[in-house]
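Everything on this sheet refers to the single structure shown next.
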Amino acid sequence: MLASPSDLHLGNFLLRLPSTVDTLSDQQIYEKFGPPRPEPVVREDGQLLSPGVPGNVYWPIWMAKPSDELRLSKSKILLADFGTAFYPDLKLRFGSCTPLGKYPPEARFEPTTPLSFSADIWTLAHAIWAVMGLRTIFGSFLISEDDVTQEQVDTLGRLPDEWWSKWNARSRWFMEDGCHKNDGCPEKLEGRFKSSI
């Protein structure tokens, strides 16, 4: 039986730190990565902080290094955050916790149909694209569902009829046959591949 992570994205991929990190003292960590950086907590309304609210928060430690310094043979990848994982054979799941730009279209257009492994394949493909490419295939963080769907249609072609008819905003960008309204030529999958991978 396979578990479905249902929200696989690059935020779930972690590099395991070398075991030598466990032997470093606090002082050695500060020397190698810098001391903690306090940031004062300030209320937006300028009022005093409530009792129990700390006066400072601290930025997380930054242990990154340039990707060309990472050796695949030394890299140990961990998949993390399976808080939404489930067994499709035992439990029905109707929504995805995947970030919007990677959201499986069936989760949007078939909200009463349980997710299947095809949703995992969709999100895994996004993760692979993001690892191999210079950008995500669809959208960014500041987009709407309709913006993502518009990019999906631009790139992959017209949605299946059932989904197409459910997408109320389609007329903003497309004619009913799926052709783009403006004269611009949207970047198809092959073009995105050439410019990103």
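Take the sequence shown: its letters are residues 861 to 1057, numbered as in my numbering.
Cβ coordinates follow ideal geometry from the N, Cα and C atoms, glycine included.
Fair warning: this is a prediction, and the values are worked out from it, not measured in the lab.
- In the three-state reduction of the DSSP assignment, Leu984 falls in the helix class.
- The beta carbon of Pro900 sits closer than 7 angstroms to those of Gly915 and Asn916, all from its chain and outside the five residues before and after it, given in chain order.
- Looking at the DSSP output, Ile937 bridges to Leu875.
- With 16 or more other CB atoms across the displayed protein chains lying within 10 angstroms of its CB, Arg1052 is buried.
- The beta-carbon distance between Trp1033 and Gln1010, rounded to whole angstroms, is 5 angstroms. This is short enough to meet the 8 angstroms contact definition.
- Judged by DSSP in its simplified three-state form, Tyr890 adopts helix.
- Of the candidates Val913, Val991 and Glu1036, the residue whose Cα lies closest to the Cα of Val1013 is Glu1036.
- Remark: C-beta atoms of His986 and Lys951 do not approach each other more closely than 8 angstroms.
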